[in-house]
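See structure below.
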Amino acid sequence: MKVRVLVRPKSGILDPQGEAVRRALPALGFEGVKTVHIGRLVEMEVESPEEVEGMCRRLLANPTVEEYEWEVVR
21 MKVRVLVRPK
31 SGILDPQGEA
41 VRRALPALGF
51 EGVKTVHIGR
61 LVEMEVESPE
71 EVEGMCRRLL
81 ANPTVEEYEW
91 EVVR
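Numbering (the numbering used here), first residue to last: 21 to 94.
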């Protein structure tokens with residue numbers, strides 16, 4: 021079974037990568053972007069999705085500064 025996990029900074033947490041991209045976009049002609057958040061996507065093949073929540077909490081995301089969501093992908 022394929023699982024997709026999206027991890028990103030929590031709202032209000034400093035995101036230096038996202039801020040660098042936001043500042044660079046107008047120089048490339050892309051105006052009007054107010055915020056950018058850089059996250060990461062983790063795709064895994066698992067036998068059962070029962071342990072994915074634990075994987076996210078214990079390894080894939082830092083719950084202090086990041087939030088995550090996951091889904092089973094068909």
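The C-beta atom is built at its ideal place from N, Cα and C for all residues, glycine as well.
Taking 8 Å as the threshold (C-beta atoms), are residue j and residue i in contact?
i: Val92; j: Val23; result: yes
i: Lys30; j: Glu89; result: no
i: Val85; j: Val62; result: no
i: Val53; j: Met21; result: no
Once DSSP output is grouped into helix, strand and coil, what is the label at residue i?
i: Glu87; result: strand
i: Val62; result: strand
i: Arg94; result: coil
i: Val25; result: strand
i: Val72; result: helix
Does the beta-carbon of residue i have 16 or more other beta-carbons within 10 angstroms, so that it is buried, or is it exposed?
i: Ala81; result: buried
i: Val72; result: buried
By alpha-carbon positions, which one of the options ends up nearest to residue i?
i: Arg7; options: Val56, Met75 and Val85; result: Any answer about residue 7 is impossible in this case: the structure gives the chain only from 21 up to 94.
i: Met64; options: Ile58, Pro83 and Cys76; result: Cys76
i: Gly59; options: Asp35, Ala40 and Glu51; result: Asp35
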